[in-house]
Amino acid sequence: MSQSTYARSLAARYAPEDLQQRLRAALCEEALDPDRLDCDDIAAIDQLHVGGREASRRLLERAGVEPGARVLDLGCGTGGSARLLMAEYGLQVTGIDLTAGFVGVADWLTRATGMAASGDFVCGDAQRLPFTEGAFDLIWAQHVLLNVPDMMRVLLEAQRVLCPGGRILVHEVVAGDAEDALRFPVPWADSPRHSHLLEREALIERFTGHGFRAAFVDDITADGLRWRQKHSARERRDGGAVLGPALIFGEGFGIMASNLMENLAADRIRILQAGFVRR
C-alpha cells in the first residue's frame with residue numbers, strides 16, 4: 126500500500142464527514158451552546174488517550190515544560206491536549222493531524238472555548254511537516270506512533286523542526302511481553318492494517334538512533350489499566366450519556382474499550398511516557 130493510500134485509509138477510519146455536526150447536535154441535546162463552551166463541558170470527548178487529562182498533566186510535570194515554549198502537537202486529533210496546554214500552562218500550540226475532520230473540530234472547539242489566540246491547527250502528515258527548521262521547542266505526541274508504519278520519516282522530520290536541544294514528549298502504546306495476538310478492534314485500529322506497535326526497547330532505539338537521547342522513560346501501564354477500568358464501569362453505568370467517546374469512535378467503542386482493557390491486563394500492550402532530547 127502506498128503512503129498516500131495508507132494515509133487516506135487511516136483518515137477515513139478516524140473521522141466521518143459528519144463528525145462536527147454530530148458533536149454539535151449532542152452538545153445542543155445537553156443544553157450547551159456549541160459556540161460558547163468551557164473545557165469541562167467537553168471533557169468526555171476531549172481527552173481520549175489512555176489516562177485522560179491526568180496522564181497529560183503527569184507527562185508535563187515530569188518533563189518540566191518551560192513557559193513560552195513553542196509547541197507542536199503531533200497528531201492533535203480534536204485538540205483536547207492542545208487546549209490543556211494552552212489553558213493550564215499558557216503555551217502557544219500548533220496542532221497537526223492527518224484527518225481533516227479532526228482538524229475542523231479542533232479549530233471549532235478551540236474557538237468555542239475562547240482560546241483561538243493561543244493556537245492554530247493544520248491538516249498535514251507527520252512524515253512531511255509543513256514547518257521551517259527549528260520552528261518548535263517541544264513536540265507533543267500522544268498515541269500517534271502506533272499508527273505510523275515508517276517511524277524513521279517521522280523522527281527525521283521531528284528533528285528538523287525542533288530547535289537544538291528541543292524535546293519530544295511521547296505518551297505511547299507499545300507491544301507487551303505476551304505472545305498471543307492483540308485483540309481487535311481497539312481505539313487506534315480495527316485490524317493489524319493500521320496498528321504498528323513497537324516493543325519498549327525498539328521504540329527507544331528508534332529515537333536514540335535518529336538524533337535523540339532519552340531523558341526519561343516511564344511505564345505507566347498499571348495507571349492506564351486502572352483508568353480504563355474506572356471509565357468502563359462509568360460508561361456501563363451511564364450507558365445513555367449523550368456526550369462520550371462513542372461520539373468520536375462510533376457505536377463500536379464499547380468493544381474497543383473492552384479489548385483495550387483486556388489487552389492491557391494480558392500484557393499484550395503497555396503504556397509508556399517518555400521524553401527525548403534532540404542532540
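Taken in order, the sequence shown gives residues 126 to 404; the numbers are from my numbering.
Idealized CB from N, CA, C, for every residue including glycine.
Asked: Euclidean distance between Cα positions of glycine 193 and alanine 303; Found: 42 Å
Asked: Three-state secondary structure assigned by DSSP to glycine 349; Found: helix
Asked: Cβ pair count under 8 Å reaching 3, the stretch 176-184 against the stretch 332-351; Found: yes
Asked: Option nearest leucine 223 by Cα separation, candidates Arg208, Asp163, Arg133 and Gly215; Found: Arg133
Asked: Stretch pair the stretch 325-335 + the stretch 153-164: three plus CB contacts closer than 8 Å; Found: no
Asked: Coil, strand or helix - threonine 235 by DSSP; Found: helix
Asked: Buried or exposed by the 16-neighbour rule on C-beta atoms within 10 Å, applied to proline 310; Found: buried
Asked: Whole-angstrom distance between aspartate 198 and glycine 220, CA atom to CA atom; Found: 5 Å
Asked: Exposure of isoleucine 394, with buried meaning 16 or more beta-carbon neighbours within 10 Å; Found: buried
Asked: Reduced DSSP secondary structure (H/G/I, E/B, other) of histidine 321; Found: coil
Asked: Top-ranked residue by Cα proximity to tryptophan 313, from Phe401, Gly377, Gln398 and Phe337; Found: Gly377
Asked: Among Arg353, Ala251, Gln284 and Asp166, nearest to leucine 271 - alpha-carbon criterion; Found: Ala251
Asked: Cβ shell of histidine 335 (< 7 Å), same chain only, five flanking positions each side left out; Found: Met277, Leu280, Leu281 and Gln284
Asked: Where glutamate 297 falls: helix, strand or coil (DSSP); Found: strand
Asked: Sequence-distant residues of its chain with Cβ nearer than 8 Å to leucine 368 (five each side left out); Found: Ala151, Leu152, Glu155, Ile167, Ala169 and Ile170
Asked: Contact the stretch 293-300 vs the stretch 250-269: 3+ CB pairs below 8 Å; Found: yes
Asked: Range of the contiguous alpha helix (DSSP H) that encloses leucine 144; Found: 144-154
Asked: Sequence-distant residues of the same chain with beta carbon closer than 7 Å to serine 233, five excluded per side; Found: Looking at the sequence itself, residue 233 is tryptophan, so the reference to serine does not match. Gln145, listed in sequence order.
Asked: Residue burial classification, serine 129 (beta-carbon count within 10 angstroms, cutoff 16); Found: exposed
Asked: Cβ neighbour criterion (16 or more within 10 Å) applied to isoleucine 396; Found: buried
Asked: Residue ranges of each beta strand (DSSP E) within the stretch 231-282, 3 or longer; Found: 244-248 and 261-267
Asked: Cβ-heavy atom distance, glutamine 217 to the ligand SAM, below 6 Å; Found: The ligand content of the structure shown is nil, which means the ligand SAM is not present either.
Asked: Beta-bridge partners of glutamine 106, as assigned by DSSP; Found: Past the boundaries of the shown model lies residue 106; the chain is included only from 126 to 404, so the question cannot be answered.
Asked: For valine 342: DSSP bridge partner residues; Found: Ala399
Asked: Alpha-carbon spacing of threonine 203 relative to histidine 174, whole angstroms; Found: 11 Å
Asked: For phenylalanine 309, three-class secondary structure by DSSP; Found: coil
Asked: First and last residue of the uninterrupted alpha helix (DSSP H) at alanine 390; Found: 378-390
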